[in-house]
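Q:
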Amino acid sequence: MRAWSVVVPAKRLSLAKTRLRPRSGAVAGPPGAAHDRLVLALLGDTVAAALSSPAVGGVLVVTDDPAAAAEVRALGARTVPDEPDAGLNAALAHGARATGARAVAALSSDLPALRPAELTAALAAAEATAGGTGRCFVADAQGTGTTLLTAAGTGLSPAFGPGSARRHAAGGAVRLTGRWPGLARDVDTPGDLRAALALGVGPRTAALLGAAGHAAG
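This is the structure in structure tokens:
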């Protein structure tokens, strides 16, 4: 199996996950700091799970936030600044170019219930599709968004945002399906976070919210 380069976008903490601010009340500390800690926990658990996948050769986080950069570097990820500063898709395309890799995967930054085995299986499915070339994607739990977009031997061409599953499919990416609940469960709202907690989240999110974590695997 090839080693994939995974690109993860991370907004400045003050701008990230604004719909989760009500849930940040469960985190100790001043409201602003509590929200930042929650966003960092989601990011840290996502990046740690990706780095633990044997299919992943490295993780590159695109961010202009110093705290986010420090968090992921401590885990072993590389970082690059968001030089385009033109939104999510421009950041992902920039990150994909910065990896210099032939096989690149864009991964959402808010997957605290992601298991390394899920990502490994999804990347294996992408490699098995169309002779290991082209683009593939995994839809979110609602079936309308995207949590993972892969490209091998071709440009990433990200089209994330509301309705991205339809756009990625229309652009020629193959939709992958599998039993990957943690990979599909991104977290934008308090309801999403409750659903992720029910699956079992990574140690950073679990410690922050007093929830049960899950074992890596």
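Start counting the sequence shown at 1; every next residue gets the next number (the UniProt record's numbering).
Each residue gets a CB set at the ideal place from its N, CA and C atoms; glycine is no exception.
Just so it is clear, the structure is predicted and the values come from calculations on it, not from any experiment.
Would you mind sorting Pro-9 into buried or exposed? The rule is 16 or more other CB atoms within 10 Å of its CB.
A: Looking up residue 9 in the sequence shown gives position 9. With 16 or more Cβ atoms within 10 Å of its Cβ, Pro-9 is classed as buried.
Q: Of the choices Trp-180, Asp-140, Arg-73, whose alpha-carbon is the least far from that of Thr-120?
A: Walking along the sequence shown from the start, residue 120 turns up at place 120. Nearest of Trp-180, Asp-140, Arg-73 to Thr-120, Cα basis: Trp-180.
Q: State yes or no: is the C-beta of Arg-2 within less than 9 Å of the C-beta of Glu-118?
A: Position 2 of the sequence shown, counted from the start, is the residue given in the question as residue 2. Position 118 of the sequence shown, counted from the start, is the residue given in the question as residue 118. Contact: no.
Q: With DSSP as the reference, identify every bridge partner of Gly-213, one or two as the case may be.
A: Mapped onto the sequence shown, residue 213 falls at position 213. For Gly-213, which the question treats as bridged, DSSP gives the partners Val-201.
Q: If you draw a straight line from the C-alpha of residue 255 to the C-alpha of Thr-147, how long is it?
A: An answer regarding residue 255 cannot be provided, because it is not within the stretch 1 to 217 covered by the chain.
Q: Among Gly-57, Val-104, Gly-58, whose alpha-carbon lies nearest the alpha-carbon of Gly-132?
A: Against the sequence shown, residue 132 aligns to sequence position 132. Cα-wise, what sits closest to Gly-132 is Val-104.
Q: Using 8 Å for Cβ pairs, my map puts Pro-162 next to Ala-93. What's the rounded Cβ distance?
A: Sequence index remark: in the sequence shown, residue 162 carries index 162 (1-based). Sequence index remark: in the sequence shown, residue 93 carries index 93 (1-based). Ala-93 and Pro-162 do not touch by the CB rule: their CB atoms are close to 19 Å apart, not below 8 Å.
Q: What span of residues does the beta strand (DSSP E) with Val-187 cover, start to end?
A: Mapped onto the sequence shown, residue 187 falls at position 187. Looking at the DSSP string, Val-187 is not in any beta strand (DSSP E), and its letter there is neither H nor E.
Q: Hey, which unbroken runs of the beta strand (DSSP E) at 3 residues or more fall wholly within the UniProt domain "MobA-like NTP transferase" (45-144)?
A: 56-63, 78-80, 103-107, 134-139
Q: Check for me: the alpha helix (DSSP H) holding Ala-170 runs from which residue to which?
A: As a first step, residue 170 is located in the sequence shown; it is residue number 170 there, counting from the start. Following the DSSP letters along the chain, one finds Ala-170 inside the alpha helix (DSSP H) bounded by residues 164-170.
Q: So the candidates are Leu-176, Val-80, Gly-155; which of them puts its Cα closest to the Cα of Pro-66?
A: Working through the sequence shown from its first residue, we reach residue 66 at position 66. Of Leu-176, Val-80, Gly-155, the residue nearest in Cα terms is Val-80.
Q: Kindly list the residues whose CB is nearer than 6 Å to the CB of Pro-84, restricted to its own chain and excluding five residues on each side of it in sequence; keep chain order.
A: In the sequence shown, the residue the question calls residue 84 occupies position 84. If we look at Pro-84 and ignore the five residues flanking it on each side, its Cβ neighbours are Ala-90, His-94.
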